[in-house]
Amino acid sequence: MELDTTDKEILNVLSKEAKLSFREIAKKVGISPATVMNRVRLLEQNGIIKRYSASIDYEKVGYDVGVVIHVRVSKGRLMDVEKKIASDPHVVSLYDITGHFDAIVVAYFKNRRALDNFLKKIQTFDFVERYFLQSQKSYY
């Protein structure tokens, strides 16, 4: 599907405020609500819009420890390790990357003990060679 300027404007609005009605999006983009509805449906059907999600303030729900974990995995085993890591309820995002590490994990924990337990669990996974932990200071 070839995206035009209007499609890109709709996507831009939705990426910031996915809960807006078609009418509100139409006002921001300068088109009719029916046009917004039709275009959003096409974007969904073509897999451009995969899902809608909420941006959560994890501290407000008791998850005070946010981390980014860089994980190095044995060659050819990334998918196996990612499936195990992604199944943990603390994990909110998981990305394949290139460079010294193979994946980045974003996770939130109620306390340091829960984080330590998660890190110990990762160390037991076959094919995890090493990891590097960064604390998350803020999220925008």
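Sequence positions in the sequence shown follow the numbering used here and run 1 to 140.
Think of the CB as a built atom: it goes at the ideal place given N, C-alpha and C, for glycine as much as any other residue.
- With respect to the 8 Å criterion, D96 and V71 are not classified as neighbours on the basis of their beta carbons.
- Collapsing the DSSP output to three states places E17 in coil.
- Going by beta carbons, V73 and Q134 fall outside the 8 Å limit.
- Assigned with DSSP and collapsed to three states, E129 falls in strand.
- The shortest CA-to-CA distance from K60 to any of P33, Y52 and K110 is the one to K110.
- Rounded to the nearest whole angstrom, the CA to CA distance from N117 to Y58 is 19 Å.
- Among the bridge pairs identified by DSSP, G66 is matched with Y108.
- In the three-state reduction of the DSSP assignment, L3 falls in the coil class, being assigned neither a helical nor a strand state.
- Under DSSP, D96 forms a beta bridge with A103.
- In the structure shown, Q136 falls within a coil segment according to DSSP collapsed to helix, strand and coil.
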